[in-house]
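Engineer:
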Amino acid sequence: MINQQEKSVGFIQLQFFDSTTDQVVCLGGAGFVTKAEDDAAWANVPVFEGESAFMADRLDAEGDIVDEKPVSAETCEKLMGRPIAALISEGRVQLKAYLESLPSVATA
Numbered sequence: 001m002i003n004q005q006e007k008s009v010g011f012i013q014l015q016f017f018d019s020t021t022d023q024v025v026c027l028g029g030a031g032f033v034t035k036a037e038d039d040a041a042w043a044n045v046p047v048f049e050g051e052s053a054f055m056a057d058r059l060d061a062e063g064d065i066v067d068e069k070p071v072s073a074e075t076c077e078k079l080m081g082r083p084i085a086a087l088i089s090e091g092r093v094q095l096k097a098y099l100e101s102l103p104s105v106a107t108a
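So this is what it looks like as structure tokens:
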């Protein structure tokens, strides 16, 4: 995902609900400079009918989720231009690194 929130009016972020680790893994996304681009991109994300481990989140300029749609693995691949296995693998690595960077809480 583009990390230019100060320049973007909205974002689409793709998520994977990882049943192996019970975590939400970010697969990537994109930011949009104009509202028209943001609206058009969101309108072009097809809703997956049925159960899916994948979700498209629509975020506003502040990064708050304002809408969401279940999507297919194929939609994630098409939008990101990468195989789903690679997106999941890289997302897991990034999530692990992020979680390891957080200060640990000492237990009493």
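Mapping to UniProt numbering: the sequence shown position 18 is 18, numbers consecutive. All C-beta atoms, glycine included, are put in the ideal place defined by N, C-alpha and C.
Between the C-alpha atoms of residue 58 and residue 11, what's the straight-line distance to the nearest angstrom?
Structural biologist: For the purposes of this step, residue 58 is taken as the residue at position 58 of the sequence shown. For the purposes of this step, residue 11 is taken as the residue at position 11 of the sequence shown. Computed Cα separation, rounded: 6 Å.
Engineer: Buried or exposed: where does residue 88 fall if 16 or more other Cβ atoms within 10 Å of its Cβ makes it buried?
Structural biologist: Here residue 88 is taken as the residue at index 88 of the sequence shown, counted from 1. Residue environment analysis places residue 88 among the buried positions, since at least 16 neighbouring C-beta atoms fall within 10 angstroms of its C-beta.
Engineer: What did DSSP end up calling residue 67 once you bin it into helix, strand or coil?
Structural biologist: For this step, residue 67 is matched to residue 67 along the sequence shown. Reduced to three states, the DSSP call for residue 67 is strand.
Engineer: Between the C-alpha atoms of residue 29 and residue 45, what's the straight-line distance to the nearest angstrom?
Structural biologist: As a first step, residue 29 is located in the sequence shown; it is residue number 29 there, counting from the start. As a first step, residue 45 is located in the sequence shown; it is residue number 45 there, counting from the start. Rounded to the nearest angstrom, the two C-alpha atoms are 12 Å apart.
Engineer: Taking the straight line between their C-alpha atoms, what separation do you get for residue 113 and residue 103?
Structural biologist: Absent from the model: residue 113. The displayed extent of the chain is 1 to 108, so no value can be given.
Engineer: Comparing alpha-carbon positions, which option in 7, 16 and 36 lies nearest residue 56?
Structural biologist: For this step, residue 56 is matched to residue 56 along the sequence shown. Nearest C-alpha to residue 56: 16.
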